[in-house]
Amino acid sequence: MIIALTLTLVTIVLSGVFSGMETGIYRLSRLRLRLGEEKGDLRYILLGRAMRNDSALLLTLLVANNLVNYLATSSVTFLFLTVAPDHAAELLATSLTAPLLFVFGESLPKNIFLYRADIVMPYLGPFLYVVHKTLTWSGIVPLLGLISRLFARLIGAPLPPRQVMASSQIHHVRTILRDTREEGLLSHVQTEMLDRVVNIPTLRLSAVMIPMSRVQAIPLQTDRAALVDELKKHAFTRLL
């Protein structure tokens with residue numbers, strides 16, 4: 000009984016930690032992270048190593064969160080089975096764990112990490128690194144990553160920049176752009192322009208090219224009268 004109750008409390012806390020870190024990895028200042036790494040702070044070093052591959056880290060957090068949620072539900076069900084019939088125990092466990100996990104395992108932690116990611120994330124860096132490496136070495140994260148890439152190919156979704164480009168420097172470019180945005184060195188328009196340039200490797204040709212069937216062209220020797228007449232027929236402002 001005491002072991003099951005302790006397991007329930009621990010798994011609910013871990014659920015909140017993993018859910019909060021899902022938000023924290025996006026809200027964490029990369030500038031603070033890099034400064035912490037340059038200072039030699041072990042917390043920031045391990046956190047930076049875990050965040051080198053954002054997609055794999057997100058899979059780690061999702062898998063870990065589902066595992067602790069399953070353990071929390073199982074332990075609560077076991078507690079009620081000791082005092083109630085089977086069907087009543089299932090209903091009571093669902094009625095109790097659903098609001099507990101929603102409030103303390105999802106909603107509240109995500110709000111905390113949303114506004115305090117720079118403070119909380121470094122302290123959880125070593126723990127996150129260990130969990131990420133454990134699930135990666137177990138093969139769960141690589142397998143899920145492979146499945147997600149296969150589905151991305153099937154539905155035509157853009158692949159991650161690391162697979163599209165021959166170099167992985169695009170990751171560092173994104174970090175620099177985010178740092179300059181945080182420091183206010185660039186205006187909103189400039190930042191948006193640079194973001195579009197960085198995202199070029201993930202674009203498909205069909206998104207930017209016009210099919211030949213929709214292109215209207217005129218001969219080079221066309222005189223002014225014929226050109227004006229052609230412009231009246233079409234809504235284009237430029238003709239090939």
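Numbering that gives the first Met the number 0 numbers the first residue of the sequence shown as 0 and each following residue consecutively.
All residues carry an ideal CB built from backbone N, CA and C; glycine is no exception.
Predicted model only: the values in this text are computed from it and were never measured.
Practice prompt. Given a cut-off of 8 Å, decide if His233 and Gln220 are closer than it, judged by their beta-carbon atoms.
Written response: For the pair Gln220 and His233, the CB atoms are not nearer than the 8 Å cut-off.
Worksheet item: Using 8 Å as the threshold, is the region 108-126 in touch with the region 13-21, meaning 3 or more CB pairs across them?
Response: Yes: at least three Cβ pairs fall under 8 Å.
Fill in: Where Asp228 falls: helix, strand or coil (DSSP)
helix
Fill in: Contact the region 74-81 vs the region 21-30: 3+ CB pairs below 8 Å
Not touching, per the Cβ criterion.
Worksheet entry | Cut-off 6 Å between Cβ atoms - residues of its own chain near Tyr69, not counting five sequence neighbours on either side | none
Worksheet item: How is the alpha helix (DSSP H) around Glu37 delimited, first residue to last?
Response: Secondary structure note for Glu37: its alpha helix (DSSP H) is the uninterrupted segment Arg29 to Glu37.
Worksheet item: Are the beta-carbon atoms belonging to Ala55 and Thr133 less than 8 Å from one another?
Response: For the 8 Å CB-CB criterion, Ala55 and Thr133 do not form a contact.
Worksheet item: Buried or exposed: Phe101, going by 16 or more other Cβ atoms within 10 Å of its Cβ?
Response: By the 10 Å Cβ count, Phe101 comes out exposed.
Fill in: Lys109 to Leu230 span [Cα, whole Å]
56 Å
Worksheet item: With 16 other CB atoms within 10 Å as the buried threshold, where does Ile209 fall?
Response: exposed
Item to complete: Kindly list the residues whose CB is nearer than 6 Å to the CB of Phe77, restricted to its own chain and excluding five residues on each side of it in sequence; keep chain order.
Response: Spatial neighbours of Phe77 in its own chain (CB-CB distance under 6 Å, excluding positions within 5 residues in sequence) are listed in chain order as Ala3.
Fill in: Alpha-carbon spacing of Phe103 relative to Thr5, whole angstroms
16 Å
Practice prompt. Could you tell me whether the Cβ of Asp53 comes closer than 8 Å to any Cβ of chain D?
Written response: Absent here is chain D; the protein component of the structure consists of one chain.
Discussion item. So, with DSSP's three-state summary, where would you put Gly138?
Written reply: Here Gly138 sits in coil by DSSP.
Worksheet item: Taking the runs of the alpha helix (DSSP H) that are 4 residues or longer, which of them lie wholly in the region 60-137?
Response: 85-101 and 107-137
Item to complete: Drop a sphere of 10 angstroms on the beta-carbon of Met211, count the other beta-carbons inside from all chains shown, and report buried for 16 or more, exposed for fewer.
Response: Looking at its Cβ environment, which holds fewer than 16 other Cβ atoms inside 10 Å, Met211 is exposed.
Worksheet item: Are there 16 or more other CB atoms within 10 angstroms of the CB of Val140, so buried, or fewer, so exposed?
Response: buried
Worksheet entry | Beta-carbon gap between Ala63 and Val119 smaller than 8 Å | no
Worksheet item: Should Leu60 and Glu21 be called a contact, given that it needs their Cβ atoms to be closer than 8 Å?
Response: A distance below 8 Å separates the beta carbons of Leu60 and Glu21.
Discussion item. Measuring only the C-alpha atoms, how far is Glu36 from Ile44?
Written reply: When rounded, the distance between both Cα atoms is 5 Å.
Discussion item. Suppose contacts are defined by Cβ-Cβ distances below 8 Å. Is Gly39 in contact with Phe112 by that definition?
Written reply: It is not a contact, given that the beta carbons lie outside the stated cut-off.
Worksheet entry | Classification of Val74 by the beta-carbon crowding that lies within 10 angstroms, buried from 16 upward | Val is not the amino acid found at residue 74; the sequence shown has Ser there. It counts as buried.
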